[in-house]
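Top line first, the protein sequences correspond to chains C and E. The first sequence begins at 1 in the numbering used here and counts up by one. The second sequence begins at 1 in the numbering used here and counts up by one. Backbone N, C-alpha and C define an ideal beta-carbon position, used for all residues, glycine too. One structure below.
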Amino acid sequence: MAKTKTIYEKSNGLSDAHLSYCPGCTHGIIHKLVAECLVELDVLDRTIGISSVGCSALNYDFFSCDMQQAAHGRAPAVATGIKRVKPDSIVFTYQGDGDLASIGIAEAIHAAHRGENVTIVFVNNAIYGMTGGQMAPTTLIGQKTTTSPDGREEAHSGLPLKISEMMATIPGATYIERVSVHNPKHVIKAKKALKKAFEIQKNKQGFTLIEFISTCPVNWGMKPKDAVDWAVDNMIPYYPLGVFKDKTNEEAN
Amino acid sequence: MAKVLMKGNEAMALAAIKAGADAFYGYPITPQNELPEYMSKHMKEHGRVFLQSESEVAAINMIYGAAGAGARVITSSSSPGIALKQEGISYMAGAELPAVIVNVMRGGPGLGGIQPSQGDYKQITRGGGNGDYYLYSLAPESLQEAVDLIKESFDIADYFRNPVMIAVDGLIGQMMEPVDFELETPKWDLPKKTWATDGNQKGRDKNIINSLYLDPNDLEKHDLKLKKKYDEMKRDHQRYELINMDKADIAIVAFGSTARVCRTSIQLLEEEGINCGMIRPITIYPFPSKAFDEIPKSVKDLLVVEMNTGQMIDDVKIVNEGKLPIHFYGRSGGIVPEAEEIVEKVKEIMGGE
Ligand SMILES: Cc1ncc(C[n+]2csc(CCOP(=O)(O)OP(=O)(O)O)c2C)c(N)n1
Ligand code: SF4
Chain C
1 MAKTKTIYEK
11 SNGLSDAHLS
21 YCPGCTHGII
31 HKLVAECLVE
41 LDVLDRTIGI
51 SSVGCSALNY
61 DFFSCDMQQA
71 AHGRAPAVAT
81 GIKRVKPDSI
91 VFTYQGDGDL
101 ASIGIAEAIH
111 AAHRGENVTI
121 VFVNNAIYGM
131 TGGQMAPTTL
141 IGQKTTTSPD
151 GREEAHSGLP
161 LKISEMMATI
171 PGATYIERVS
181 VHNPKHVIKA
191 KKALKKAFEI
201 QKNKQGFTLI
211 EFISTCPVNW
221 GMKPKDAVDW
231 AVDNMIPYYP
241 LGVFKDKTNE
251 EAN
Chain E
1 MAKVLMKGNE
11 AMALAAIKAG
21 ADAFYGYPIT
31 PQNELPEYMS
41 KHMKEHGRVF
51 LQSESEVAAI
61 NMIYGAAGAG
71 ARVITSSSSP
81 GIALKQEGIS
91 YMAGAELPAV
101 IVNVMRGGPG
111 LGGIQPSQGD
121 YKQITRGGGN
131 GDYYLYSLAP
141 ESLQEAVDLI
151 KESFDIADYF
161 RNPVMIAVDG
171 LIGQMMEPVD
181 FELETPKWDL
191 PKKTWATDGN
201 QKGRDKNIIN
211 SLYLDPNDLE
221 KHDLKLKKKY
231 DEMKRDHQRY
241 ELINMDKADI
251 AIVAFGSTAR
261 VCRTSIQLLE
271 EEGINCGMIR
281 PITIYPFPSK
291 AFDEIPKSVK
301 DLLVVEMNTG
311 QMIDDVKIVN
321 EGKLPIHFYG
331 RSGGIVPEAE
341 EIVEKVKEIM
351 GGE
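In structure tokens:
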């Protein structure tokens, strides 16, 4: 019998449910990273994840840990409620940019402000995916969406909101980093950032948010490869990658 | 135990602590502030959670999260704050999460006023948020009754896996009255919360707290499952008190503080030889339709008295089914009716003077 060797396996942190994402959408990669981090930190069976409202609304079925589904934008409040009564659990929210940067900005800011010991997985694809491609606070200037058909204009809609930079100004926040998953090198970097965030939470060191530059090939009207290139060429220059706040480091200094 | 003299809002807070509340999340608003203030001091002493949220929207979602994690949770607010909480309340009913929500009502609409009101009757009894759901809603008339009902309401919420609303007005929140906290209240038979996402998944399958059902057939099934609970509430758990109804010629229908004022009116009328009774709904959802089956033949008129411009009267019309003439007396804006005003109204109806 031929010898077989497993060189790649789906993480135990993911269930067997069929993912609902469009082909080429980077939500899937981000799910894999969340799942792997929880397994590697050996916290899966004490983790409670919170699905938000957006394309990832159904991911209570995709992760294999306990999950709660939250109202649009309210995931950080739900996370707060859980974590305060279950301080030894690991709690994360998974939120899109419509969910977090628009309708849920107050809940996100105040969770950070209180220094809630939770992790926000923030997926910035510069658009409302689920509802068919409307403009988000993160939509780039000139970017065409179904509610900015001529491209976003500053005079009408202001400049795109830089969430990581903004959250980094909140005194209560512990760790804020923006990452991208457009190539394997960055996927590995992104995982490191996410793992650090979960480790900080595990050590009860406070609020962490990792912003992922993500794609929405369907609503951007692009092929998956073009979407990845567009993210690199247009999003990353405006939303630079990097660590915006690291209190664990400040404390060490 | 001896009775303790306490302010309504504080008494309700202590009742929740005695009932084993694990967490309180809320946002300041008059006239209920003494409740969270009391909680901020005393929940900590008991090793429980108190947190002032950034808004009522956040508060109710914190309640959602903690309830989903299996904790006994309570929040309180007043009318405009309860309006903001409706989204979360609807999600909780949909996700079948228990919680106790205290509404110390003030006048509306909009910012309204800060004086006592019963203007949220419809907001409370019609669900309030989106979709097909209801809250088991209790409307005590005194501090003792408020305390007893709050103690029991955590069990009721757990039993139905549905939020319970305690509907009081600013009068009950602000008044001082002696209360006995040790009175025995009914204990409900409660199964373990095996559904909770409690952060301890060892030895069980994952749990999910959710109100999303994209398949219409699944959602209809879910809605019908919820309806069964509301049907059970209506069938087996209506609460009301009949006062002086035996020989009554006219019956008042009133709840909460208003009912209390009407008790005095009934006495004053009795002194004048007029037999006036009262149906006092204790549950405003389910509306106590059974009380109306017990109305004696002697009663010729119904008088609905409310601290609003006429909301419960619609429920009275539904259960009365056109049998008796229905009259209304209401004060709004934060004005509590005087017993004498109601006496006058009764006499006017009965054709006296
Ligand atoms: C209160 C409320 N308002 C609006 C909606 C409709 N809605 C569903 S998803 C969504 C936008 C989600 O966009 P985003 O957070 O960017 O996530 P994505 O779908 O792009 O992953 C909106 C507006 C809703 N479900 N609830
Ligand atoms: S609509 Fe966009 S964000 Fe949503 S799954 Fe499809 S590609 Fe991904």
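Residue-chain proximity (residue i, chain E), Cβ-Cβ < 7 Å
| i | result |
| --- | --- |
| C:Gln-143 | no |
| C:Asp-233 | no |
| C:Asn-253 | Because C:Asn-253 sits at a pLDDT of 47, beneath the cut-off of 50, its placement in the model cannot be relied upon, and the point is left open. |
| C:His-27 | no |
| C:Lys-86 | yes |
| C:Ile-48 | yes |
| C:Asn-117 | no |
| C:Glu-199 | no |
| C:Arg-74 | yes |
| C:Glu-40 | no |
| C:Val-187 | no |
| C:Ala-17 | no |
| C:Glu-107 | yes |
| C:Gly-81 | yes |
Cutoff 7 Å: residue i Cβ touching any chain C Cβ
| i | result |
| --- | --- |
| E:Leu-358 | Residue numbering for chain E in the displayed model covers 1 to 353; residue 358 of chain E lies beyond these limits and cannot be assessed. |
| E:Glu-96 | no |
| E:Thr-283 | no |
| E:Met-62 | yes |
| E:Thr-264 | no |
| E:Ile-17 | no |
| E:Val-164 | no |
| E:Ala-23 | yes |
| E:Thr-194 | no |
| E:Leu-226 | no |
| E:Thr-75 | no |
| E:Asn-258 | One point to set straight first is that residue 258 of chain E is Thr, not Asn, in the sequence displayed. So, not an interface residue. |
| E:Lys-317 | no |
| E:Ala-157 | no |
| E:Ile-114 | no |
| E:Val-253 | no |
Spatial neighbours of residue i in its chain, beta-carbon cut-off 6 Å, leaving aside the 5 residues before and after
| i | result |
| --- | --- |
| C:Ile-50 | Gln-68, Ala-70, Ala-75, Val-78, Ala-79 and Thr-93 |
| C:Ile-103 | His-72 and Gly-73 |
| C:Cys-216 | Asn-125, Ile-127 and Gly-129 |
| E:Met-175 | Gly-8 |
| C:Asp-66 | Ile-48 |
| E:Trp-195 | Asn-207 |
| E:Ala-71 | Asp-22 and Ala-23 |
| C:Leu-194 | Leu-33, Cys-37 and Ile-210 |
Candidates the options, of which the one nearest residue i by Cα
| i | options | result |
| --- | --- | --- |
| E:Met-245 | E:His-237, E:Lys-323, E:Ile-274 and E:Arg-235 | E:Ile-274 |
| E:Ser-142 | E:Ala-167, E:Pro-109 and E:Ile-342 | E:Ala-167 |
| E:Ala-259 | E:Ser-137, E:Leu-214 and E:Glu-338 | E:Glu-338 |
| E:Pro-140 | E:Val-102, E:Asp-132, E:Asp-155 and E:Ala-21 | E:Val-102 |
| E:Tyr-136 | E:Leu-212, E:Pro-288 and E:Asp-189 | E:Pro-288 |
| C:Ile-213 | C:Gly-132, C:Ile-30, C:Gln-201 and C:Val-118 | C:Ile-30 |
| C:Ile-48 | C:Lys-223, C:Glu-116, C:Lys-32 and C:Tyr-60 | C:Tyr-60 |
| E:Ile-266 | E:Asp-148, E:Arg-204, E:Ile-243 and E:Val-336 | E:Ile-243 |
| E:Glu-152 | E:Gln-144, E:Lys-187 and E:Glu-182 | E:Lys-187 |
| E:Glu-182 | E:Pro-216, E:Asp-158 and E:Glu-145 | E:Glu-145 |
| C:Leu-14 | C:Val-181, C:Lys-247, C:Leu-33 and C:Asp-97 | C:Leu-33 |
| E:Ile-17 | E:Tyr-230, E:Phe-255 and E:Val-49 | E:Val-49 |
| C:Leu-140 | C:Ala-231, C:Asp-16 and C:Val-181 | C:Ala-231 |
| E:Pro-80 | E:Pro-116, E:Arg-204 and E:Ile-29 | E:Ile-29 |
| C:Asp-246 | C:Lys-144, C:Phe-207 and C:Lys-191 | C:Phe-207 |
| E:Ile-124 | E:Ser-77, E:Glu-96 and E:Tyr-159 | E:Ser-77 |
| C:Ile-105 | E:Asn-320, E:Ile-313, E:Val-57 and E:Lys-41 | E:Val-57 |
| C:Ala-17 | C:Leu-58, C:Phe-198 and C:Lys-202 | C:Leu-58 |
| E:Lys-347 | E:Leu-269, E:Gln-238 and E:Lys-221 | E:Leu-269 |
Own chain, CB closer than 8 Å to residue i, minus 5 neighbours either side, in chain order
| i | result |
| --- | --- |
| C:Glu-165 | Phe-244 |
| E:Ala-2 | Asp-180 |
| E:Met-350 | Asp-249, Ile-250, Ile-274 and Asp-301 |
Cβ shell of residue i (< 7 Å), same chain only, five flanking positions each side left out
| i | result |
| --- | --- |
| C:Lys-189 | Val-179 |
| E:Ala-19 | Ile-150, Lys-151 and Phe-154 |
| C:Phe-62 | Leu-14, Ser-15, Ala-17, Leu-19 and His-31 |
Near ligand 4: residue i beta-carbon under 6 Å from a heavy atom
| i | result |
| --- | --- |
| C:Tyr-128 | In the structure shown, ligand 4 is absent; the only ligands present are ligand 1 and ligand 2. |
Query raised in the report: At what residue ranges does the stretch 68-144 of chain C contain a whole run of the alpha helix (DSSP H), taking only runs of 4 or more?
Result: 75-85 and 105-113
Query raised in the report: Taking the runs of the alpha helix (DSSP H) that are 4 residues or longer, which of them lie wholly in the stretch 71-107 of chain E?
Result: 79-95
Query raised in the report: Where are the beta strand (DSSP E) runs, 3 residues long or more, that stay fully inside the stretch 10-43 of chain E, in chain order?
Result: 23-26
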